[in-house]
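Engineer: Just so we're aligned, residue 0 is where the sequence shown starts under numbering that gives the first Met the number 0, counting upward by one.
I'd like to ask some things about the structure below.
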Amino acid sequence: MEGNVLLALGLTLFAGLATGVGALIAFFTSRTNKKFLSVALGFSAGVMIYVSLIEIFVKAKDALVAAHGESQGYWLTVMGFFGGIVFIALIDRFIPTKNNPHEVKTVEDVHAAESGARVVDEDKLMKMGMFTALAIAIHNFPEGIATFMSAMQDPSVGIAIAIAVAIHNIPEGIAVAIPIFFATGIRKKAFKLSFLSGLAEPVGAIVAYLILMPFLTDTMFGIVFAAVAGIMVFISLDELLPAAKKYDETHLSIYGLVTGMAVMALSLLLLA
């Protein structure tokens, strides 16, 4: 049990700190490899969708059916799944579009926008960067819970989800770092705030461990796990796939999606 907790916390920390990787990319590259970005985001969506619907939803249903019977257990699973979707959708609803981490940005996008804006008002840039960091922190909190709970139940699933979350956290790091850098001219400060915005994921994991774990009955586990599946499906459909298609060339995002599903399926088969 203790080993699983440490692994789950470590995976969540790894996923969250990928925002720092995004900051480094923003500072040291002037162009985004859009083909790679499209494939990577599609791959991440494929992993999340497959594992959510094939593995996590099913385990949630099994736990709830065991505790409440076939009919009631299935109803609770479906309610938990859509409850997770409503939860993450409400978070998105109250985050302004320009600061929303679901609005994936390339290095060129952010450089171009902030280069022009810097001439006008550096204070506005700083505020934009700070609000973006806050928005990403709020958004990453439930992702941390999802990664942690998945890793606690099945480490192989947790590893796959952590990698998928880390991939989509990289563009978020870019969106935080660039406006702050243009406003201050200080790479260290921009990197630090980008890095800190990702720490909301391990904070979410710690909250899950301290608050949810002591009360983790079959019913609690099933509902939380169903909600985790809903959260990850929503993120995939609302964020990852639209962003992957935006930078798509010759169906690369779909190839990435299918590859992500296949890799996830193979890993589950091999580790079964």
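Each residue gets a CB set at the ideal place from its N, CA and C atoms; glycine is no exception.
Nothing here was measured: the structure is a model prediction, and the numbers come from that model.
Please list, in chain order, all residues of the same chain as Leu240 whose beta carbon is under 6 Å from its beta carbon, the five residues on each side excluded.
Structural biologist: Here residue 240 refers to the residue found at position 241 when the sequence shown is read from its first residue. Answer for Leu240: Ala44, listed in chain order.
Engineer: How big is the Cα-Cα spacing for Gly128 and Ala261?
Structural biologist: As a working note, residue 128 is residue 129 in the sequence shown. As a working note, residue 261 is residue 262 in the sequence shown. Their backbone Cα atoms lie some 37 Å apart in a straight line.
Engineer: Is it buried or exposed, His250, if we count other Cβ atoms within 10 angstroms and call 16 or more buried?
Structural biologist: Indexing the sequence shown from 1 puts residue 250 at position 251. With fewer than 16 Cβ atoms within 10 Å of its Cβ, His250 is classed as exposed.
Engineer: Give the range of the alpha helix (DSSP H) segment to which Thr258 is assigned.
Structural biologist: For the purposes of this step, residue 258 is taken as the residue at position 259 of the sequence shown. It spans Leu251 to Leu269 - the alpha helix (DSSP H) in which Thr258 sits, taken as one unbroken run.
Engineer: In whole angstroms, what separates the C-alpha of Asp91 from that of Phe42?
Structural biologist: Position 92 of the sequence shown, counted from the start, is the residue given in the question as residue 91. Position 43 of the sequence shown, counted from the start, is the residue given in the question as residue 42. When rounded, the distance between both Cα atoms is 22 Å.
Engineer: Helix, strand or coil for Leu215, going by three-state DSSP, please let me know.
Structural biologist: On the sequence shown, residue 215 is found 216 positions in, with the first residue counted as 1. In this structure, Leu215 counts as coil in the three-state DSSP scheme.
Engineer: Taking Gly79 as part of the alpha helix (DSSP H), name the residues at either end of that continuous run.
Structural biologist: Along the sequence shown, one-based indexing puts residue 79 at 80. That run of the alpha helix (DSSP H) goes Glu69 to Arg92.
Engineer: Decide if Val118 is buried, meaning its Cβ has at least 16 other Cβ atoms within 10 Å, or exposed.
Structural biologist: If you number the sequence shown from 1, residue 118 lands on position 119. Here Val118 scores only 45 on pLDDT, less than 50, and its place in the model is too uncertain to base an answer on.
Engineer: Are there 16 or more other CB atoms within 10 angstroms of the CB of Gly203, so buried, or fewer, so exposed?
Structural biologist: Taking the sequence shown and counting its residues from 1, one reaches residue 203 at position 204. Buried.
Engineer: With 8 Å set as the bound, which would you pick, yes or no: does the beta-carbon of Ala264 sit closer than that to a beta-carbon of chain C?
Structural biologist: Considering every chain present, this structure includes no chain C. It has just one protein chain.
Engineer: Under the assumption that Met231 contacts Ala145 (Cβ atoms under 8 Å), give the Cβ distance between them as a whole number of angstroms.
Structural biologist: Residue 231 sits at position 232 when you count from the first residue of the sequence shown. Residue 145 sits at position 146 when you count from the first residue of the sequence shown. Right, the Cβ-Cβ distance comes to about 6 Å (below 8 Å), so this counts as a contact.
Engineer: Please name the residue in Ala226, Lys244, Gly157 and Ile222 whose C-alpha comes closest to that of Val64.
Structural biologist: Taking the sequence shown and counting its residues from 1, one reaches residue 64 at position 65. With distances taken between Cα atoms, Val64 lies closest to Ile222.
Engineer: Express the C-alpha separation of Phe26 and Phe220 in angstroms, rounding to a whole number.
Structural biologist: Residue numbering aside, residue 220 sits at position 221 when the sequence shown is read from its first letter. Residue numbering aside, residue 26 sits at position 27 when the sequence shown is read from its first letter. Cα to Cα, Phe220 sits roughly 42 Å from Phe26.
Engineer: Please work out which residues of its chain come closer than 6 Å, Cβ to Cβ, to Phe140, disregarding the five sequence neighbours upstream and downstream, and give them in chain order.
Structural biologist: For the purposes of this step, residue 140 is identified with residue 141 of the sequence shown, where counting begins at 1. Excluding sequence neighbours, Phe140 sits near Ala199 and Gly203.
Engineer: Kindly indicate which three-state DSSP category Tyr246 falls into: helix, strand or coil?
Structural biologist: The residue given as residue 246 occupies position 247 in the sequence shown. Coil, per DSSP.
Engineer: Within its chain, find whatever has a CB closer than 8 Å to the CB of Ile166; leave out the 5 residues flanking it on each side and keep chain order.
Structural biologist: On the sequence shown, position 167 is the one that residue 166 refers to. Excluding positions up to five away in sequence, the list reads Ala17, Ala39, Leu40, Phe42 and Ser43.
Engineer: With DSSP run on the structure shown, which of helix, strand or coil describes Ile137?
Structural biologist: Residue mapping note: residue 137 aligns to position 138 of the sequence shown, counting from 1. The answer is helix: DSSP assigns Ile137 an H, G or I state.
Engineer: Just to check my reading of the structure: Ala176 and Ala189 have Cβ atoms closer than 8 Å, yes? What is that Cβ distance to the nearest angstrom?
Structural biologist: Counting from 1 along the sequence shown, the entry for residue 176 is found at position 177. Counting from 1 along the sequence shown, the entry for residue 189 is found at position 190. Correct: roughly 4 Å between the Cβ atoms.
Engineer: Along the chain, where does the alpha helix (DSSP H) containing Val175 start, and where does it finish?
Structural biologist: Residue 175 sits at position 176 when you count from the first residue of the sequence shown. Here the alpha helix (DSSP H) through Val175 covers Pro154 to Thr183.
Engineer: Identify, in the order they occur along the chain, each residue of the same chain with its Cβ nearer than 8 Å to the Cβ of Leu192, setting aside the five sequence neighbours on each side.
Structural biologist: Residue 192 sits at position 193 when you count from the first residue of the sequence shown. Hits under 8 Å: Gly128, Met129, Ala132, Val175, Ala176 and Ile179.
Engineer: Near Phe233, what residues of its chain come up, given a Cβ to Cβ distance below 6 Å and the 5 sequence neighbours on each side ignored?
Structural biologist: As a position in the sequence shown, residue 233 is number 234, starting the count at 1. Result list for Phe233: Ile84 and Ile87, in chain order.
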